[in-house]
Amino acid sequence: MKIAIVAGSHRREAESARVARYLAQELQKLQISETYLLSLSGNPLPLWDEEVWSGGEKWKSSWEPISKELSGSDALVVVAPEWSGMVPAGLKNFFLLCSADVLAHKPGLIVTVSAGVGGSYPVAELRISSYKNTRLCYIPDHVIVRNVGQMLHGDEPADEHDEALRRRIDYSLRVLVEYAGALRRVRESGVIDLKAFPYGM
Ligand SMILES: Cc1cc2nc3c(=O)[nH]c(=O)nc-3n(C[C@H](O)[C@H](O)[C@H](O)COP(=O)(O)O)c2cc1C
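Our numbering numbers the first residue of the sequence shown as 33 and each following residue consecutively.
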């Protein structure tokens with residue numbers, strides 16, 4: 033099983049990217065055979081334009097390798113910082129680039145990140161707006177990493193809050209892995225028809 037993680041902050045020294053690396057380590061502890069981590073730090077992806085449909089050179093080099101990794105994955109963890117009560121624009125751009133066959137009917141785990149006590153708005157935004165055409169299936173559990181500066185440093189929890197967060201992450205990843213196995217059956221069922229129904233309503 034392969035699980036992809038996207039770290040959605042554009043900042044070069046992003047806390048979201050650090051959280052994403054922690055999640056990748058935890059997935060390895062769960063014996064997941066492969067993880068793929070895409071960080072949007074430093075804006076590696078151009079902004080969407082129509083050339084993506086005709087397979088322009090810019091997109092061949094920047095997006096195709098990523099698209100292949102995602103297509104070969106069984107689940108996606110979306111790590112999103114809260115920026116002005118939203119997910120960063122680069123993360124929305126990422127979802128625009130994901131054509132239907134990349135994420136469709138794969139489970140997604142939302143992990144949001146805040147330097148303070150935010151983190152709820154990006155959960156709501158992702159659940160409302162990023163699944164329609166991607167057909168990514170967000171699982172009911174999600175994780176909010178509040179006060180991220182004090183969380184997930186080193187191997188041992190710093191305090192009871194850090195410990196509770198680590199337990200929730202472990203639990204949520206285990207749930208995601210079970211969904212990943214279960215939804216594979218849905219994708220292989222023969223019912224999914226993305227040619228006739230390429231876009232959600
Ligand atoms: C442009 C910008 C806007 C932000 N707005 C919010 C916000 O609305 N709520 C919040 O809790 N934190 C906000 N933050 C702080 C982030 O929570 C903080 O940067 C945290 O480390 C997660 O973002 P990162 O992954 O980019 O580091 C903002 C940060 C930036 C750079």
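Glycine included, every Cβ here is placed at the ideal spot set by N, Cα and C.
Query: Quick one: is the Cβ of residue 180 within less than 7 Å of any heavy atom of ligand 1?; Result: yes
Query: Judging by CA-CA distance, which residue of 34, 88, 43 is the nearest neighbour of residue 62?; Result: 34
Query: For residue 66, list the residues DSSP reports as bridge partners.; Result: 34
Query: Check residue 181 in the structure and name its three-state DSSP category.; Result: helix
Query: Should residue 145 and residue 86 be called a contact, given that it needs their Cβ atoms to be closer than 8 Å?; Result: no
Query: Kindly provide the ranges of any alpha helix (DSSP H) runs that are 4 or more residues long and lie completely inside the region 148 to 209, ordered along the chain.; Result: 152 to 161
Query: From residue 204 to residue 182, what does the alpha carbon distance come to, in whole angstroms?; Result: 20 Å
Query: Note down, one range per segment and in chain order, each beta strand (DSSP E) of at least 3 residues found wholly within the region 56 to 101.; Result: 66 to 71
Query: State the DSSP-derived secondary structure class of residue 49, mapped to helix, strand or coil.; Result: helix
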